[in-house]
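Here the protein sequences line up with chains A and B, keeping their order.
According to the working numbering, the first sequence is numbered sequentially starting from 96.
According to the working numbering, the second sequence is numbered sequentially starting from 2.
Beta carbons are placed, not taken as given, at the ideal position from N, Cα and C, and that holds for glycine.
Remember, it's a predicted structure, so these values are computed and weren't measured experimentally.
Here is the structure we will look at, set down as structure tokens.
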Amino acid sequence: MSSEYRLILFITGNPERAQRIVQAINQLLNIRVPTSYELEVVDVLQDPARAEAEHILMTPTLVIKLPAPERRIFGDLDNVEKLYVIMDFGKPPALADAPEQEV
Amino acid sequence: MPQRILVIDDEEGIRDAFLLALENESYEVDTAADGLEGLEKAEARRPDLVFLDLRMPRLDGVETLRRLKAGYPELPVHVLTAFHEDYLRPLQVLAAEGVEFDLTRKPIDAEQIRSIVAAILGHKLAIRYQ
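Laid out in structure tokens, this is it:
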């Protein structure tokens with residue numbers, strides 16, 4: 096299946112936190128991406144070679160493989176509003192009239 | 002009051018790398034050469050962020066992490082390690098016990114240290130293009 100969006104989330108253990116981040120990303124993509132997308136979750140404790148191959152610097156990190164350019168987002172990943180802005184989707188609808196915020 | 006970072010690593014080069022990388026930033030950086038010293042410093046003044054090596058004399062990183070999180074469950078701790086199975090195996094046990102932590106890859110350069118610290122302590126997102 097081809098996807099316009101292909102993302103890999105690198106986390107460390109803690110399934111509850113991973114679930115929160117996955118939920119935030121899904122929420123975002125469901126709003127903004129009309130076609131299919133692919134989101135893979137990798138626990139670095141279980142698959143360190145994969146993290147090394149992808150040059151991951153820290154966890155959690157979200158790698159956006161597609162659409163190009165390939166990029167890595169890290170930090171406060173379970174904040175859907177910040178994710179919305181940094182993924183070039185503009186301001187989230189709820190913040191449309193809010194002043195500029197630091198991402 | 003500046004945010005406080007504690008770097009616990011027996012390698013002087015790593016401790017110095019953090020001190021140098023963050024010397025012009027608005028953080029207070031303290032260092033410890035092993036787990037016991039790290040715990041003492043954390044208890045004396047609670048840090049906002051800890052970077053923690055795994056293999057250290059006196060008290061290793063795994064046990065230090067366990068004790069740190071027992072005392073301060075919300076304290077963000079980043080384990081400094083190569084992403085290699087041999088290093089990470091002991092951490093799998095802690096993760097299975099529900100101990101929360103993150104990983105930061107070694108080696109790490111000054112610019113990477115600054116961007117990671119800014120993202121974590123600023124509750125921000127950082128983006129890097131490959």
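N-terminal and C-terminal residue of the alpha helix (DSSP H) that residue i is part of
| i | result |
| --- | --- |
| B:I114 | A111 to L122 |
| B:L20 | E13 to A22 |
| B:I9 | Per DSSP, B:I9 belongs to no alpha helix (DSSP H); it is in the beta strand (DSSP E), Q4 to I9. |
| A:R145 | P143 to A148 |
| B:R90 | E86 to A97 |
For residue i, three-class secondary structure by DSSP
| i | result |
| --- | --- |
| B:R67 | helix |
| A:R166 | strand |
| A:D173 | coil |
| A:V180 | helix |
| A:V117 | helix |
| A:Y100 | strand |
| B:Y73 | coil |
| B:D49 | coil |
| A:D192 | Note that A:D192 scores 41 on pLDDT, short of 50, meaning its location in the model is unreliable and no value can be drawn from it. |
| B:D54 | strand |
Cβ neighbours of residue i in the same chain (closer than 6 Å, five flanking residues each side left out)
| i | result |
| --- | --- |
| B:R3 | Contrary to the premise, residue 3 of chain B reads as Pro rather than Arg in this sequence. For B:P3, where only same-chain residues beyond five positions count, the Cβ hits under 6 Å are S27, Y28 and E29. |
| A:D192 | Confidence at A:D192 is low in this model, with a pLDDT of 41, below 50, so its placement is unreliable and no value can be given for it. |
| B:A127 | S116 and A120 |
Cut-off 8 Å between Cβ atoms - residues of its own chain near residue i, not counting five sequence neighbours on either side
| i | result |
| --- | --- |
| A:G108 | D138 and L140 |
| A:I151 | F105, V139, V158 and R167 |
| B:E44 | G72 |
| A:D171 | K177 |
| A:V198 | Since pLDDT at A:V198 reaches only 48, below the 50 mark, its modelled position is unreliable, and the value read off the structure follows with that caveat. Once the five neighbours on either side are set aside, the close Cβ partners of A:V198 are K177, V180 and I181. |
Chain-ordered chain A contacts of residue i [CB-CB under 8 Å]
| i | result |
| --- | --- |
| B:R56 | The contacting residues do not exist; B:R56 stays about 16 Å from chain A at best. |
Bounding residues of the beta strand (DSSP E) (the contiguous stretch that carries residue i)
| i | result |
| --- | --- |
| A:K160 | T156 to L161 |
| A:E133 | Y132 to D138 |
| B:V30 | Y28 to A33 |
| B:V80 | V78 to T82 |
| B:D103 | D103 to R106 |
| B:L126 | L126 to Y130 |
Where residue i meets chain A, residues with beta-carbon distance less than 9 Å
| i | result |
| --- | --- |
| B:T105 | L152, M153 and T154 |
| B:I117 | L152, M153, F169 and G170 |
Cβ-based neighbour list, residue i, same chain, cut-off 7 Å, excluding 5 preceding and 5 following
| i | result |
| --- | --- |
| B:A34 | D11 |
| B:R46 | R5 |
Chain B contact residues for residue i, given Cβ-Cβ distances below 9 Å
| i | result |
| --- | --- |
| A:D171 | A120, I121, G123, H124, K125 and L126 |
| A:A113 | Simply none; closest approach about 11 Å. |
Interface partners of residue i on chain A, CB under 7 Å
| i | result |
| --- | --- |
| B:R129 | R166 and R167 |
| B:F102 | T107 |
Chain B contact residues for residue i, given Cβ-Cβ distances below 7 Å
| i | result |
| --- | --- |
| A:E147 | F84 |
Within chain B, partners of residue i - CB distance below 8 Å
| i | result |
| --- | --- |
| A:A178 | The question names Ala, but residue 178 of chain A in the sequence shown is Leu. The answer, in chain order, is L126. |
| A:V139 | F84, L89 and L104 |
Next on the checklist: Using a Cβ distance threshold of 8 Å, determine whether the stretch 158 to 165 of chain A contacts the stretch 84 to 102 of chain B, with at least three qualifying pairs required.
Outcome noted: no
Next on the checklist: When you compare the stretch 108 to 126 of chain B with the stretch 116 to 132 of chain A, are there three or more beta-carbon pairs, one atom per stretch, that lie closer than 8 Å?
Outcome noted: no
Item to check | contact_flag[the stretch 92 to 109 of chain B, the stretch 62 to 70 of chain B] where n(CB pairs < 8 Å) is 3 or more | outcome: yes
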